[in-house]
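In what follows, a single structure is set out as structure tokens and then discussed.
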Amino acid sequence: MAEDPVIRVRGLVNRFGSQTVHDGLDLDVMPGEILGVVGGSGTGKSVLMRSIIGLQTPAEGEIEVLGQPVTGGETTQDKDLTRQWGVLFQGGALFSGLTVAENIEVPLREYFDLSNQLMDEIAAYKVAMVGLPPEAGPKYPAELSGGMKKRAALARALALDPKLLFLDEPTAGLDPIAADGFDTLIRTLAETMRLTVFLITHDLDTLHAICDRVAVIAEKRIIATGSVAELSRFDHPWVQDYFAGPRGRAAAIARHHAPLEIG
Amino acid sequence: MPVLAIGLADGVLAFRGRLTIARLSETERQLHELLAPVPGPLLIDLSGVTRIDTVGSWMVHRLLRERPGSRLSGASADAERLLAEVAAADRPCDMRPVQQPFWARELGRLGLYVITFWQSILALLDFIGLTIISAVRAVASGRGVRWQAVGAQMEQVGVNALGIIGLMSFLIGIVLAQQGAVQLRAFGAEMFVINLVGRATFRELGILLTAIMVAGRSASAFAAQIGSMKLAEEVDAMRTIGLDPIEVLVLPRTIALILMMPLLAFYASLMAILGGGLFTWVDLGIPPATFVQRLREVVPMSDFWIGMSKAPVFGAIIAIIGCHQGFQVTGNAESVGQRTTQAVVEAIFMVIVLDAIFAVFFTALGLD
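These protein sequences, in sequence, are chains A and B.
Under my numbering, the residues of the first sequence are numbered 1 to 263, in order.
Under my numbering, the residues of the second sequence are numbered 1001 to 1368, in order.
Pasting the structure below:
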């Protein structure tokens, strides 16, 4: 791979009080790939994401995103950088006082001086692209189901056609059918819009379905990266339990058999 | 070289450079000016486009749609893919909620307000009844009152409030004495400052100010505590285990406030007297001994008892309103905030309404 990584993390250290969450964590995310980050509860997956997008100032370490250094709080003021990424938070984090359409238009309004008509058109096709029904535009977040909220939040994250998409547990709280639908949507959008995706998940089906590469956080570092197949042969107790446990096997089998049933 | 160049010649519209969202505001204006005098179909040449995103594709798609018969040439594989994607996503979509005219909206809001006001009064009466039934049931069943919880609440609503209530009352005492002195000095009747401070404090201000402070401090706390328990389904969990949430949550808080309010009101009155006394000593030169003696002469015991008799009633209503609003929380965290605000507003309002009723009542009894 001759290309420069889109995200480059070196020697990241995060501490909360006396508790060290990350200790010398290294990670590269290459352009165009979908990287899944897995790890047990409390291993600092979300903290890693928050460090990369500048919501958390690390104690030590270097982070570069799209070639620019990220150093905590000031980064979120750097509009050239924030314009190029979209973030989907776990609960959606839609602005509750705005409709879905207005939520999608927030980033457009912030960065560009567009006619209202064009902004409405952009919001409308984004609503369609994430698979929401046309009636969803004027609705407020409180009127949406969990799955629709996630889709609307994804539409907002994609409003500026970002190069880089961060997803924090996109399928958490969705029923299996909605989760499958969301996985497919992310894969399709990533392909059509040539996105690089940084994805935190607990969902083994998601890992199998859409991730090009998976990074495992344990012992305060990334202990392994590789495809799901490679990781299931990786000799570490947590990784083994995770991929070779009953759920891991079920997800692998489902993945294996899916094409047979369709074809 | 510009990031994006747009050229129009002989019905051929050529884009060169990056057709992306970054330059979109200018692109939109440029296109509008360029194309206004040229009606009819176009040949759109995308061969010079180095980068395109969905927004750029949308602009192209829009041109194709607005000018039937237009054609495309030189589109890269990327552009073809994105164009297909936005074309598939092109469908009518509602954008704004339906807006009613101003007068209908405001009239509707007024009506709704009246209805909710009436309903909230009924709901509150309902809740007071429920609390009394729960109390009777708890005692009748032999379970009794949870005194440990009552003790914990008494510390929260009473002991922990001593600092702020004391300071507030002390300052109000000073202000009252000072304002009174300014007016009464005109008549050479400075001594009457003691009447003013003593009577006003014991009968009205001590208890009223305490009740308002407690409403702000504890009604909000009760609403927020019970509201978040409701969100976390703790209240439902209690019900499934067979605990009565009113007995567990509302009774201890109500009893704690009923017991603490008279003590707090008495303490507040003393602090206000202290402030007033200090001011009259320093400013008017009335020595403390004279102040106390005069106080005993002019403040009848009935003032004290009237003040104290209101306290438990205010305590009960504040606690019940706080808890009631807590139980009204539904859905999300925003509702906790709303209900907390509502609890404070309603509690202060009810305290003042009750105080007015008490004033009329005691006057009718001839206790003035």
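Cβ atoms here follow ideal geometry from the backbone N, Cα and C, with glycine treated the same way.
Being a predicted model, the structure only gives us computed values, none of them experimental.
| Asked | Found |
| --- | --- |
| Between A/PRO259 and A/GLY181, what straight-line distance do the alpha-carbon atoms span, to the nearest angstrom? | Annotation note: pLDDT 49 at A/PRO259 (below 50); position unreliable, no value reported. |
| Name the chain B residues whose beta carbon is nearer than 8 Å to that of A/PHE112? | ILE1021, LEU1024, SER1025 |
| Start and end of the beta strand (DSSP E) containing A/GLU143? | A/GLU143 -> no beta strand (DSSP E), and no H or E assigned at all. |
| Apart from the five residues on each side of it in sequence, which residues of its chain come closer than 6 Å, Cβ to Cβ, to A/ASP4? | none |
| Which residue's Cα is closest to the Cα of B/GLY1173: B/HIS1061, B/LEU1270, B/LEU1064, B/ALA1005? | B/LEU1270 |
| Given that B/LEU1082 touches chain A, what residues does it touch there, using C-beta distances under 9 Å? | THR192, MET193 |
| Taking CB distances under 7 Å as the criterion, tell me whether B/THR1054 reaches chain A. | yes |
| Identify the continuous beta strand (DSSP E) that holds B/GLU1106 and give its terminal residues. | Taken as a continuous stretch (DSSP letters only), B/GLU1106 belongs to no beta strand (DSSP E), being part of the alpha helix (DSSP H) at 1102-1140. |
| Kindly indicate the opening and closing residues of the beta strand (DSSP E) around A/ALA93. | No beta strand (DSSP E) holds A/ALA93; DSSP gives it neither H nor E. |
| Please list the partners that A/ILE210 has in chain B, where partner means a Cβ-to-Cβ separation under 7 Å. | What A/ILE210 touches in chain B: nothing, since even the nearest Cβ is about 18 Å away. |
| Rounded to the nearest angstrom, what separates A/LYS79 and A/TRP238 at their Cα positions? | 39 Å |
| Helix, strand or coil: which one does DSSP assign to A/GLY173? | coil |
| Secondary structure at A/PRO5, three-state DSSP: helix, strand or coil? | coil |
| Determine, using beta carbons only, whether A/GLU275 comes closer than 7 Å to chain B. | Residue 275 of chain A cannot be examined here, being either before or after the span of chain A that is shown, 1 to 263. |
| Alpha carbon to alpha carbon, how far is A/ARG213 from B/GLY1216? Give it in angstroms, no decimals. | 54 Å |
| In chain D, what lies closer than 7 Å to B/ASP1094 by C-beta? | Protein chains A and B are contained in the structure displayed, whereas chain D is not. |
| Let me check understanding here. Comparing Cα to Cα, which of A/HIS202, A/PHE89, A/ILE210 lies closest to A/ILE217? | A/HIS202 |
| Closer than 7 Å, CB to CB, is B/PRO1097 near chain A or not? | yes |
| Which word fits A/LEU88, buried or exposed, when buried means at least 16 other C-beta atoms lie within 10 angstroms of its C-beta? | buried |
| Determine which residues share a DSSP beta bridge with B/ALA1005 and list them. | B/ARG1016 |
| Reducing DSSP to helix, strand and coil, say where A/HIS202 ends up. | coil |
| When you compare only the Cα positions, how much space is there between B/LEU1046 and A/LEU94? | 36 Å |
| In chain order, what residues of the same chain lie with their CB nearer than 6 Å to the CB of B/ILE1348, ignoring the 5 residues before and after it? | ILE1212, ALA1215 |
| Figure out for me which residue from B/VAL1060, B/GLN1328, B/ARG1096 has the closest Cα to the Cα of B/MET1225. | In the sequence under discussion, the amino acid at residue 1225 of chain B is Gln, which differs from the Met named in the question. Checking every option, the nearest Cα to that of B/GLN1225 belongs to B/GLN1328. |
| Mind checking who B/SER1073 pairs with in its DSSP beta bridge? | B/ASP1045 |
| Below 8 Å CB to CB, which residues in the same chain sit around A/MET193 once its five sequence neighbours on both sides are set aside? | LEU158, ASP161 |
| Give a yes or no on whether the C-beta atoms belonging to B/GLN1153 and B/PRO1245 are separated by under 7 Å. | no |
| Among B/LEU1082, B/GLY1040, B/ILE1052, B/VAL1049, whose alpha-carbon lies nearest the alpha-carbon of B/LEU1063? | B/GLY1040 |
| Going straight from the alpha carbon of A/ILE262 to that of A/ILE253, what length do you get? | Any answer about A/ILE262 is weak, because its pLDDT of 43 lies below 50 and its placement is not dependable; what the coordinates show is given next. If I take the Cα positions, the gap works out to 15 Å. |
| Can you pull out the residues from the segment 1036-1048 of chain B whose beta carbon lies closer than 8 Å to at least one beta carbon of chain A? | none |
| So, is the C-beta of B/ALA1075 closer than 7 Å to a C-beta in chain A? | no |
| Hey, A/ILE52 and A/ALA190: beta-carbon distance below 7 Å or not? | no |
| Just how far apart, CA to CA, sit A/ALA244 and A/SER41? | 18 Å |
| Could you pull out every unbroken alpha helix (DSSP H) segment of at least 4 residues lying fully inside the segment 1159-1190 of chain B, listed in chain order? | 1162-1185 |
| Kindly indicate which residue of B/ARG1143, B/ALA1014, B/GLU1204, B/PRO1287 has the alpha-carbon position closest to the one of B/VAL1351. | B/GLU1204 |
| Does DSSP classify B/GLY1315 as helix, strand or coil? | helix |
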